[in-house]
Amino acid sequence: MKTPHKKIALHVGTRLEDFFPNPEIPLMHQDPYTLLVAVLLSAQCTDARVNQITPTLFALADNPKDMAKQDVAVVQAIIRPCGLSPRKAKAICELSNIIMDKHQGVVPQSFEDLEALPGVGHKTASVVMAQAFGVPSFPVDTHIHRLMARWLLSSGKNVEQTEKDAKALFPKEKWNKLHLQIIYYARAYSPSRGWDLEKDVITKEIWTMANFKPSA
1344 MKTPHKKIAL HVGTRLEDFF PNPEIPLMHQ DPYTLLVAVL LSAQCTDARV
1394 NQITPTLFAL ADNPKDMAKQ DVAVVQAIIR PCGLSPRKAK AICELSNIIM
1444 DKHQGVVPQS FEDLEALPGV GHKTASVVMA QAFGVPSFPV DTHIHRLMAR
1494 WLLSSGKNVE QTEKDAKALF PKEKWNKLHL QIIYYARAYS PSRGWDLEKD
1544 VITKEIWTMA NFKPSA
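When we follow my numbering, the leftmost residue of the sequence shown carries the number 1344, and every step to the right adds one.
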């Protein structure tokens, strides 16, 4: 017999296939390096804004060898609209140097090596491992953190717990796709601001299944 959480998770997986059967990676990129840089830039910035900035940045340098030669101030000027530009520009230049010096110019394919790079936390490393290298990961951003709580699948206390809960509930072979599907669904139907339960079909279905009534 399925536990209530497992039943909900199964429903979520089925319904997300209805809404977003073929989700694409929202950040424009050509290879693991450009994806790494784009994900780093997306911290506290929308994917749409990142996609406006990266063509100019990658015209300047789209590989670690060329990026390592750039002046931090030049990179910062290009990425300023993404926010946190001093920190992000420094990280991009430094990680490019490290990739050249320690990894023969190739983005490393391990969580340990990725998370050792400047500006690369667990979520960024997870996105790169999942979407660039196909390694099962479940990166938790604000959208996934919010929906896992709304869908009664996690306590929502912190992203670390949310990631553990997601990995325990969903089949490993579906993690990478589900990560994208949940983000797309959250943006379209279950936003943080201006949320309308009537438009949030999956959440409404889950609350009905679980006989859940939020406290006033």
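No residue lacks a Cβ here, since even glycine has one placed at the ideal position from N, Cα and C.
Review point. Just how far apart, CA to CA, sit F1513 and N1440?
Key: When only Cα atoms are considered, F1513 and N1440 end up about 37 Å apart.
Check your understanding: Is K1515 near the ligand FAD, with its Cβ less than 7 Å from a heavy atom?
Key -> No copy of the ligand FAD appears in this structure; indeed no ligand is present at all.
Practice item. Using three-state DSSP, classify M1371 as helix, strand or coil. Key: Assignment of M1371 by DSSP, reduced to helix, strand and coil, places it in the coil class.
Review point. What is the DSSP secondary structure of G1356, reduced to helix, strand or coil?
Key: Of the three classes helix, strand and coil, the one that applies to G1356 here is helix, per DSSP.
Exercise for review: Flag this pair as yes or no: are the beta carbons of D1405 and Q1373 separated by less than 8 Å?
Suggested key: Contact flag set, yes.
Practice item. Output the distance between the C-alpha atoms of L1490 and I1396, rounded to the nearest integer angstrom. Key: Cα to Cα, the separation comes out at about 28 Å.
Practice item. Would you please state the rounded distance, in angstroms, between the beta carbons of A1402 and M1443? I believe it to be under 8 Å. Key: About 20 Å separates the two Cβ atoms, so there is no contact after all.
Review point. Using a Cβ-Cβ cut-off of 7 Å (strictly less than) and excluding sequence neighbours within five positions of V1355, which residues of its own chain qualify?
Key: Excluding residues within five positions, the ones whose Cβ falls inside 7 Å are W1494 and I1545.
Practice item. With a threshold of 16 other CB atoms inside 10 Å of the CB of S1469, please say whether the residue is buried or exposed. Key: Burial call: buried.
Check your understanding: Grouping DSSP H, G and I as helix and E and B as strand, with all else coil, what is E1455?
Key -> Helix.
Review point. Straight-line CA distance for H1348 to Q1419?
Key: Each residue's Cα considered, the two are about 45 Å apart.
Exercise for review: Take Q1413 and list the residues in its own chain whose beta-carbon comes closer than 6 Å to its own, dropping the five residues that flank it on each side.
Suggested key: Answer for Q1413: A1404, listed in chain order.
Practice item. Taking only runs that begin and end inside the stretch 1442 to 1517, name each unbroken alpha helix (DSSP H) of 4 or more residues, in chain order. Key: Positions of the alpha helix (DSSP H) runs, each at least 4 residues long and wholly inside the stretch 1442 to 1517, are given as 1454 to 1458, 1465 to 1474, 1485 to 1493 and 1502 to 1512 in order along the chain.
Point to revise | Contained alpha helix (DSSP H) runs [length at least 4] in the stretch 1371 to 1426, N- to C-terminal order | key: Whole alpha helix (DSSP H) segments, 4+ residues: 1375 to 1384, 1390 to 1403, 1407 to 1410 and 1415 to 1422.
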